[in-house]
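Asker: If you scroll down you'll find the structure; I have some questions about it.
Protein chains: 2
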Amino acid sequence: MSDEATVRCAVRPGSYHDSVVLMQLQRALSALPGVLDAGVMMATPANRELLAASGLLPEEEMAAGPHDLLIAVKAESAAAAGEALARVDALLQLRRGAAGGGEQDFRPRSLASAFKLLPTARWVLISVPGRHAAGIAEEALDHDRNVFLYSDNVPVEREAALKRKARERGLLVLGPDCGTAIVGGIGLGFANRVRQGAIGLVGASGTGLQAIASQIHALGGGISQAIGTGGRDLSAEIGGITAIQALDLLRRDPETRTIVLVSKPPAPEVAARLLGLARSAGKPVVVYFLGAPLPARRLGDLHFAASLSEAAEMAVEWNNVGEGLVPSRAGASPAPTFMSGISGSLRGLFSGGTLAYETHLGLSAFLAPGRFKIVDLGADEFTVGRLHPMIDQDLRLRRLRHEAADRQVGLILLDVVLGEGAHADPAGELGPAIAEVRARRPDLDVAAVVIGTDEDPQDLAQQIETLERAGARVFRTVGELVDHAVRRLAAAEEAPGAPVPLEAIRGPVAAVNAGLESFYDSLVAQGAAAVQVEWKPPAGGDDKLAGILARMKGRS
Amino acid sequence: MSDEATVRCAVRPGSYHDSVVLMQLQRALSALPGVLDAGVMMATPANRELLAASGLLPEEEMAAGPHDLLIAVKAESAAAAGEALARVDALLQLRRGAAGGGEQDFRPRSLASAFKLLPTARWVLISVPGRHAAGIAEEALDHDRNVFLYSDNVPVEREAALKRKARERGLLVLGPDCGTAIVGGIGLGFANRVRQGAIGLVGASGTGLQAIASQIHALGGGISQAIGTGGRDLSAEIGGITAIQALDLLRRDPETRTIVLVSKPPAPEVAARLLGLARSAGKPVVVYFLGAPLPARRLGDLHFAASLSEAAEMAVEWNNVGEGLVPSRAGASPAPTFMSGISGSLRGLFSGGTLAYETHLGLSAFLAPGRFKIVDLGADEFTVGRLHPMIDQDLRLRRLRHEAADRQVGLILLDVVLGEGAHADPAGELGPAIAEVRARRPDLDVAAVVIGTDEDPQDLAQQIETLERAGARVFRTVGELVDHAVRRLAAAEEAPGAPVPLEAIRGPVAAVNAGLESFYDSLVAQGAAAVQVEWKPPAGGDDKLAGILARMKGRS
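These protein sequence lines are chains C and Y, in that order.
All residue numbers for the first sequence refer to the numbering used here, where the first residue is 1 and numbers rise by one.
All residue numbers for the second sequence refer to the numbering used here, where the first residue is 557 and numbers rise by one.
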């Protein structure tokens, strides 16, 4: 790089250009004689930093805001830089004229006319800049079309409003910031070409869906549908509206026999609702919440994965089990038990801290926080001057009677830890107390996990029998105890709103595309019917003027 | 219960009694004529609540602090209550005389004389009240003995001081609040009777160790050692001193062929150190951190479990694999690769948000936060007016050159996502840039994860070949990419301090017990040599007087 390298910049205030056009302009400038490097970006703080890091920001202050276009050229001489900048407008004209979409002769300028051209279009793909995207999405919903909203930088309130509207009408809004979907065998946005099959994916995670779908393909499995929801869908603000619709859709889709749900960690209440819905899907559901602790390995037909690739492996395995291709390694899926649900709350009276903690973790994934309370009676606060509850159960027996007297309590969980050092006959004390409270309240469910071996001094089999005879259900692992509690307490969830018709995800696919032409090209290459809308921002991207125009139209 | 039931209370200020004695007193009072219920507790706020809940707290205010003993009696009449309370002192005398330890004729009153009685004792079990426990533990260390410290309510600073002293001398302090250990085939504290075997456990979780050990036994496996560390050991304050010693000990123990590490979520820096040590154990290590997200399913010889019962299953499975009893389901343990370690830091330049996130999660478990940085170039902040990095790699190519120019950076991670909608030839752009930076810096390691299928338009095999020819290592899952990075960057950890001699955990076991007599009885029942110390609190539990006595002895 020459020492005399000169950097010069031009600003186009409030100017809108397609990002493809900007990329092409940057490349064209870089290729001009004497030009060493070029940068063409909207003048956001992040982009300014980038230009600076590449030595493309001149030292004088540039009067450019985040909606202004910044064009920077580093050249061998001031003259070469000046000549390059002088050609910007000509290059922009050139590039715009040369843009793709060659197969389509007439380009409608509005969604309404696009739908006239392609009335079977059930989907609208939107990848225009974020501040314009929500308006187009709303228009699509008003035309009763599903939306694939690739654009990011859409405010969360707009997202919530769009999704509520879509839910009322039985439509889907995938996104904003949704990168990936596969519906009716056609990839929308970024999507790998995969075998058609029986595994349906739902994900608030674009590359997560791609990684899982690709690996399912590599493992010999196939994809029925892949429904991206946008990264914010499982936040408390949005409440998982799209994920719930998608899960409900795949539950009803006869082509989907196994479901995978993937997301960055959802808001706890959203996770609980989704898992409640997944539990009642009647199909195996593999769940991977990135960065969240696993509530269990498996609860009924729910399987929790610890990585993208494990989610793919588990989906293929359980789908093969479901199709009878291979026997289950982990035992057959337990037949759904139709126990009457309990409407009351849950109390856990534990002597083991870790057992209490693991039980709490498992329940937290499925139950609202107010619904259950797990007490560790071996915690420091309870053991000042008192024997540990594994030796002296007086406190636990008192609490058991106390909790059972509360009609709001429907289920009590206990742990019984045998072995050296522990009480010589814990079941002998607990059993009569359990029988006593259950005699007063036959509706009260009491369940216990027993930790011990057949060599322990207390006689494991005898301890279990005593508890069972008193009316307690006995399990041998915390996972089984939690599964029991969740089955008794968690109601099967129903998706609210109008159900999305299965036609939304069935082929043949027809779609209208507003934004990135490469998405249009990709639709056509995959054999879908598509129309590209010649979208331009209102008033050429001038927000002030656009506001005036909108007010004149009475749309504030 | 009669309406005329009367509640009366007595207070014994600053009075110390063994908790077994208190339990026995409560039972004796409850059995007296006319008595309906009785409570005998130290007057802590939690215990006062409990008494109130049982209707055992009189309405008048009781002048009793947390170190005072509260004796409450509910009786049919005031007379019966009064008679019961009048018998408290007699009952206390009676109970104390009747306490167990029948086999031992002479009871030493100090550790020093206990060691004279049983010089082979390598262990001291301490279960006296927390405020007295640390002093006895320190005395045991001064006598070069390992400590099993069952007592809770020991201040964290005392714990840290004890453990640092122990580490210097090659001794173990299990606890405070350590419920469980099995050393040399003998259970200390609470412990299940299990088959001797090849699986060694380390745990900051008493019932966690019991649950895992019991299930390993049920699955046909056996336990070599189980070393509890106390619940606070893996906190930032303690730094996992005992867990690190224990892991190092089991690594050297020829009888232990598979290790299980269980804990509530450790402080991140402690987890990273423990995992670093575990990676270099040369044996399979199953890790279960309750409530923490799994960094992966498996990294080399590390296996991450999602529940207590899964930890047991994995330990038995991998131990069977190690012993050649069964073939590995998940592929053989990869041969350790002795690549030269990289001392620099790591940069990830990602186009996929989920791939970036999963990579970050995996690395976080092993590397200090300052050691690596993963950038998601597809995040909102980078895409204003610019194409997504899956379409336009200009930004990533710039960052790649920029990071490579920094000599502190030793490893760069990339993702390459193929498929519909994505760049037509990402490797064709990345390859030359990788080759260019590696030509300047042959020491720089570049690794990429490629997501895609053999049906994708970019030609998967060709993309991989192009990247590999440019000098990048290519992986197909994030897990493999993270494994590679951790192998290159994380140094094998060495346990600091003096190594604990293997004799500490070898039989025959001899131990001195101060506190709960049931622990002494249990030692004897298991065939261990044991001596019960007739421990009494200084000045009969009167803290003021004890302070004066201590100062007179010059121990402040």
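Using N, Cα and C, we set each Cβ at its ideal position, and we do this for glycine too.
Note that this is a predicted model, so its numbers are computed, not measured.
#1: Using DSSP bridges, identify the partner residues of Lys-373/C.
#2: For Leu-290/C, which option in Ala-271/C, Asp-301/C and Ala-278/C has the closest C-alpha, if you only look at C-alpha atoms?
#3: Helix, strand or coil: which one does DSSP assign to Ile-412/C?
#4: Bridge partners of His-303/C, per DSSP?
#5: Would you kindly work out how many angstroms separate the C-alpha atoms of Phe-1031/Y and Ile-212/C, rounded to a whole number?
#6: Taking CB distances under 7 Å as the criterion, tell me whether Asn-709/Y reaches chain C.
#7: What residues in its chain sit with their C-beta under 7 Å from that of Gly-322/C, if we drop five residues either side in the sequence?
#8: Grab me the residues of Val-124/C's own chain with a C-beta within less than 6 Å of its C-beta, minus the 5 sequence neighbours each way, in chain order.
#9: Assign Ala-891/Y to buried or exposed, taking buried as 16 or more other Cβ atoms, counted over all protein chains shown, within 10 Å of its Cβ.
#10: CB-CB under 6 Å to Asp-18/C, same chain, minus the five flanking residues each way: which ones, in chain order?
#11: Is Val-1080/Y close to chain C, meaning its C-beta is less than 7 Å from at least one C-beta of that chain?
#12: Does the beta-carbon of Pro-883/Y have 16 or more other beta-carbons within 10 angstroms, so that it is buried, or is it exposed?
#13: How long is the line joining the alpha carbons of Ile-682/Y and Tyr-706/Y, rounded to whole angstroms?
#14: Using CA coordinates, which residue listed in Ala-433/C, Gln-458/C and Gly-452/C is at the minimum distance from Arg-469/C?
#15: Measure the Cβ-Cβ separation of Gly-784/Y and Ile-755/Y and say whether it is below 7 Å.
#16: Residues of the region 907-920 of chain Y with a CB closer than 7 Å to any CB of chain C: list them in chain order, please.
#17: Which residues in the same chain have their Cβ closer than 6 Å to the Cβ of Glu-157/C, if we skip the five residues on either side of it in sequence?
#18: Taking C-alpha atoms, which residue in Leu-162/C, Gly-410/C and Lys-116/C lies nearest to Leu-174/C?
#19: Would you say Glu-565/C faces chain Y, with C-beta separation under 7 Å as the test?
#20: Under a three-way DSSP split, which group does Ile-772/Y fall into?
#21: Please check if any C-beta of chain C sits within less than 7 Å of the C-beta of Leu-1105/Y.
#22: Would you please verify whether the beta carbon of Pro-849/Y is less than 7 Å from any beta carbon of chain C?
#23: Which residue wins for smallest C-alpha separation from Gly-590/Y, given the options Ala-619/Y, Asp-624/Y, Ser-865/Y and Leu-641/Y?
#24: Write down the C-beta distance between Ile-742/Y and Gln-1082/Y rounded to the nearest angstrom, noting that I regard them as a contact closer than 8 Å.
#25: So that I know if they touch, is there some Cβ in chain Y lying closer than 7 Å to that of Ala-446/C?
#26: Between which two residues does the beta strand (DSSP E) carrying Ala-629/Y extend?
#27: Where do the N-terminal and C-terminal ends of the alpha helix (DSSP H) with Phe-1075/Y fall, by residue?
#28: Starting from the Cα of Gly-740/Y, find the closest Cα among Cys-734/Y, Leu-917/Y, Ala-1070/Y and Gln-752/Y and give me that residue.
#29: Between Gln-582/Y and the rest of its own chain, which residues show a CB-CB distance below 8 Å, the 5 nearest in sequence each way excluded?
#30: With which residues is Gly-239/C paired in a DSSP beta bridge?
#31: Have a look at the DSSP bridge pairing and note the partners of Val-183/C.
#32: Just to check my reading of the structure: Leu-387/C and Met-598/Y have Cβ atoms closer than 8 Å, yes? What is that Cβ distance to the nearest angstrom?
#33: Using a C-beta to C-beta distance shorter than 8 Å, which residues of chain C count as neighbours of Leu-846/Y?
#34: Looking at the strands, I want to know which residues DSSP matches up with Ala-292/C.
#35: Name the chain C residues that come within less than 9 Å of Lys-820/Y, Cβ to Cβ?
#36: Any chance the region 1034-1043 of chain Y sits against the region 992-1006 of chain Y, with 3 or more Cβ pairs inside 8 Å?
Answerer: Checking against the coordinates, here is how it stands:
#1: By 1-based counting over the first sequence, the position of residue 373/C is 373. For Lys-373/C, which the question treats as bridged, DSSP gives the partners Arg-347/C.
#2: Counted from its first residue, the first sequence places residue 290/C at position 290. Answer by Cα proximity: Ala-271/C.
#3: Counting from 1 along the first sequence, the entry for residue 412/C is found at position 412. Ile-412/C falls in the strand class under three-state DSSP.
#4: The count along the first sequence starts at 1 and reaches residue 303/C at position 303. BP columns for His-303/C point to Val-286/C and Arg-298/C.
#5: For the purposes of this step, residue 1031/Y is taken as the residue at position 475 of the second sequence. For the purposes of this step, residue 212/C is taken as the residue at position 212 of the first sequence. Cα to Cα, the separation comes out at about 15 Å.
#6: One-based indexing of the second sequence puts residue 709/Y at position 153. Chain C, which has a Cβ nearer than 7 Å to the Cβ of Asn-709/Y, makes this yes.
#7: Translated into the one-based positions of the first sequence, residue 322/C becomes position 322. Arg-257, Thr-258 and Pro-284, listed in sequence order.
#8: Counted from its first residue, the first sequence places residue 124/C at position 124. Closer than 6 Å at the Cβ level, and outside the excluded window around Val-124/C, lie Ala-140, Arg-145, Val-147 and Val-512.
#9: Counting from one through the second sequence, the residue named residue 891/Y turns up at place 335. Here Ala-891/Y scores only 45 on pLDDT, less than 50, and its place in the model should not be relied on; the value that follows carries that caveat. By the 10 Å Cβ count, Ala-891/Y comes out exposed.
#10: Stepping through the first sequence from its first residue, residue 18/C is reached at position 18. Here the set comprises nothing.
#11: The residue labelled residue 1080/Y in the question sits at position 524 within the second sequence. No - not a single Cβ of chain C is within 7 Å of the one on Val-1080/Y.
#12: Working through the second sequence from its first residue, we reach residue 883/Y at position 327. Counting Cβ neighbours within 10 Å, Pro-883/Y comes out exposed, since fewer than 16 surround it.
#13: Position 126 of the second sequence holds residue 682/Y. Position 150 of the second sequence holds residue 706/Y. Computed Cα separation, rounded: 6 Å.
#14: Residue mapping note: residue 469/C aligns to position 469 of the first sequence, counting from 1. Nearest option by C-alpha distance: Ala-433/C.
#15: Here residue 784/Y refers to the residue found at position 228 of the second sequence. Here residue 755/Y refers to the residue found at position 199 of the second sequence. Contact flag unset, no.
#16: Gly-908, Gly-909, Thr-910, Leu-911, Tyr-913, Glu-914 and Leu-917
#17: As a position in the first sequence, residue 157/C is number 157, starting the count at 1. None.
#18: Along the first sequence, read from residue 1 onward, the residue named residue 174/C stands at position 174. Taking only the C-alpha atoms, the option nearest Leu-174/C is Leu-162/C.
#19: The requested residue 565/C is not part of the displayed model; chain C covers only 1 to 556.
#20: The residue you call residue 772/Y lines up with position 216 of the second sequence. Note: Ile-772/Y maps to helix in three-state DSSP.
#21: Here residue 1105/Y refers to the residue found at position 549 of the second sequence. Not an interface residue.
#22: Mapped onto the second sequence, residue 849/Y falls at position 293. Yes, because at least one Cβ of chain C sits closer than 7 Å to the Cβ of Pro-849/Y.
#23: Here the question's residue 590/Y lines up with position 34 in the second sequence. When each option's Cα is compared against that of Gly-590/Y, the closest is Leu-641/Y.
#24: Along the second sequence, one-based indexing puts residue 742/Y at 186. Along the second sequence, one-based indexing puts residue 1082/Y at 526. Confirmed, about 5 Å.
#25: The residue you call residue 446/C lines up with position 446 of the first sequence. A small correction: the amino acid at residue 446/C is Val; Ala does not occupy that position in the sequence shown. No, Val-446/C does not count as interfacial toward chain Y.
#26: One-based indexing of the second sequence puts residue 629/Y at position 73. Reading the sequence as shown, one finds Val at residue 629/Y and not Ala. Val-629/Y -> beta strand (DSSP E) spans 625-631.
#27: The residue given as residue 1075/Y occupies position 519 in the second sequence. 1073-1081 is the extent of the alpha helix (DSSP H) around Phe-1075/Y.
#28: Reading the second sequence from its first residue, position 184 is the one you call residue 740/Y. Closest option to Gly-740/Y, Cα to Cα, is Gln-752/Y.
#29: As a position in the second sequence, residue 582/Y is number 26, starting the count at 1. Answer for Gln-582/Y: Ala-594, Gly-595 and Val-596, listed in chain order.
#30: Position 239 of the first sequence, counting from 1, holds the residue named residue 239/C. Looking at the DSSP assignment, Gly-239/C forms no beta bridge with any residue, so it has no partner.
#31: Here the question's residue 183/C lines up with position 183 in the first sequence. Per DSSP, Ile-186/C.
#32: By 1-based counting over the first sequence, the position of residue 387/C is 387. By 1-based counting over the second sequence, the position of residue 598/Y is 42. Contact flag wrong, Cβ pair sits at about 12 Å.
#33: By 1-based counting over the second sequence, the position of residue 846/Y is 290. Residues of chain C passing the Cβ test: Pro-293, Thr-354, Tyr-357, Glu-358 and Leu-361.
#34: In the first sequence, counting from the first residue as 1, residue 292/C sits at position 292. Answer is none; Ala-292/C lacks a bridge partner.
#35: Here residue 820/Y refers to the residue found at position 264 of the second sequence. Here the neighbours are Gly-353, Thr-354 and Tyr-357.
#36: Yes, the region 1034-1043 of chain Y touches the region 992-1006 of chain Y.
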